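J.: Below is a structure I'd like to ask you about.
Numbering (our numbering), first residue to last: 84 to 456.
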C-alpha cells in the first residue's frame with residue numbers, strides 16, 4: 084500500500100525545475116478557505132514540485148456566515164499571491180442553498196439532525212469543485228483536510244485513511260468519497276499534526292499562520308439553529324413532551340428546537356435530569372427520558388457509500404463512530420437485502436441520532452458509512 088503525495092501520489096520533481104521537464108509536473112488546484120490548513124497544503128505541495136493554483140468556492144451571498152467572507156477571500160488571495168499562484172473565486176451560492184441549506188431545513192422539519200458539512204463535501208468541494216478543476220486541466224484537487232489518500236496495489240483501489248494526528252482527524256466527514264474522487268485528490272496536511280502545519284505556514288511567511296479555526300456551521304455562525312430555521316420560514320409548532328408510556332410531561336416550543344441527547348434548554352422541570360430520547364414528527368411530540376434510555380445497541384443507515392466502490396459480503400468486523408468527535412467503538416456491520424446498512428455495537432452507544440452519519444473503520448482505513456435512520 085502507498086499513501087500520500089510523497090509515496091506514489093507525488094507531483095514529480097522537487098526543487099529546481101529543469102528545462103523541458105516542467106511538463107512532467109502535476110497541476111493541482113488547491114481549495115482555499117483563507118485558513119491555515121488549506122494554505123499550508125499549498126506550501127507542502129509546492130515543496131513537492133507541484134504546479135499549484137488556488138480557488139475558493141463562494142457559498143453564501145454577501146457577507147453572511149463565517150465562510151468565504153471578504154476577509155477569508157482576502158487571506159486566501161494574499162497567500163496565493165505570496166506563493167506565486169493564480170487565485171480563482173467560483174460561485175457556488177445557488178447550489179449550496181439548494182443542496183445544503185435547503186436540505187438542512189427539510190431534515191430538521193422531518194425530525195432529524197443533519198450534518199451539512201458532509202453534504203457540502205459531497206456536493207460542492209468534491210463534486211462541483213473537483214469537476215471544475217478537471218475541466219480546467221488540473222490533475223488533482225487538494226484540500227486542507229486532516230486525512231490521507233492511499234492506494235492498494237493488490238486490489239487497484241484507492242483508500243481513504245485517517246489523518247496521522249488522530250486528534251484532528253477529519254476522515255469522518257469524507258466517508259462519501261468515491262474512487263473517481265480519490266484518484267484525483269491530494270490531502271497533504273493529513274501527514275502532520277496541527278502544530279507542525281502552523282509552523283510550516285509561519286516559515287513560509289503566511290499571514291494566517293495563527294488564524295483561529297472555524298468551529299461553527301458557516302450559515303449558522305452563532306449556533307442558533309432554531310432562529311435560522313425561523314428566519315427560513317419554518318414554523319415552530321408547540322406540542323407535547325411525553326415519556327415512553329405516552330404520559331404528557333409538559334409543552335415543547337417546536338420540534339426543530341430539540342435533538343437526541345439534549346438535556347439543556349428544555350424549559351421543563353421534573354425534579355430530575357431528563358434528556359431528549361426521541362421525536363415523533365407525525366404526532367409533534369418530543370419524548371423525554373433518563374440518561375440510560377439514550378443508549379442503543381444497533382442502528383440502521385441509508386444512503387450508504389463504500390470507499391472501495393462495492394459493499395463487502397456478509398458480516399464484517401470493524402469499528403464505528405456516530406459523531407465527528409466520538410472515538411470509534413467495536414462493531415459488526417452488514418448490508419441488508421433492502422440496501423440499508425445495519426450496525427451492531429459491542430457496547431451500547433449514547434445518543435445515536437437520526438440524520439447524523441455512521442462511519443466504519445478497519446484500523447486506519449475508512450470502509451464507508453451512511454446516514455442514520
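Yeah, the Cβ is synthetic: ideal placement off N, Cα and C, and Gly gets one too.
This structure is a prediction, so every number in the text was calculated from the model and none was measured.
With H, G and I counted as helix, E and B as strand and the rest as coil, what does DSSP make of residue 302?
T.: coil
J.: Identify whether residue 83 lies in helix, strand or coil by the three-state DSSP scheme.
T.: Outside the shown range of the chain, which is 84 to 456, sits residue 83, and nothing can be said about it.
J.: Return the chain-ordered list of same chain residues with a C-beta closer than 7 Å to the C-beta of residue 129, the five sequence neighbours on each side being excluded.
T.: Closer than 7 Å at the Cβ level, and outside the excluded window around residue 129, lie 135 and 166.
J.: Mind checking who residue 413 pairs with in its DSSP beta bridge?
T.: 402
J.: Just curious, the beta strand (DSSP E) that residue 382 is in, first and last residue?
T.: 378-389
J.: What's the gap between the Cα of residue 408 and the Cα of residue 250?
T.: 9 Å
J.: Between the C-alpha atoms of residue 90 and residue 234, what's the straight-line distance to the nearest angstrom?
T.: Annotation note: pLDDT 38 at residue 90 (below 50); position unreliable, coordinate value reported separately. Cα-Cα distance, rounded: 10 Å.
J.: Got a sec? Which residues, its chain only, sit under 8 Å from residue 412 by beta carbon, not counting five neighbours each side?
T.: 402, 403, 404, 428, 429, 430 and 432
J.: Looking only at its own chain, which residues have a Cβ that is under 7 Å from the Cβ of residue 373, when we skip the five neighbours before and after it?
T.: 357
J.: Tell me whether residue 202 sits in a helix, a strand or coil according to DSSP, three-state version.
T.: helix
J.: Please report the distance separating the alpha-carbon of residue 304 from that of residue 434.
T.: Going from the Cα of residue 304 to the Cα of residue 434 covers about 24 Å.
J.: With DSSP collapsed to three states, give me the class of residue 431.
T.: strand
J.: Tell me which residues share the same chain as residue 416 and place their Cβ nearer than 6 Å to its Cβ, disregarding the 5 neighbours each side in the sequence.
T.: 399, 401, 426 and 443
J.: Which word fits residue 106, buried or exposed, when buried means at least 16 other C-beta atoms lie within 10 angstroms of its C-beta?
T.: Here residue 106 scores only 48 on pLDDT, less than 50, and its place in the model is too uncertain to base an answer on.
J.: If I follow the unbroken alpha helix (DSSP H) through residue 280, where does it start and stop?
T.: For residue 280, the uninterrupted alpha helix (DSSP H) run begins and ends at 277-286, by DSSP.
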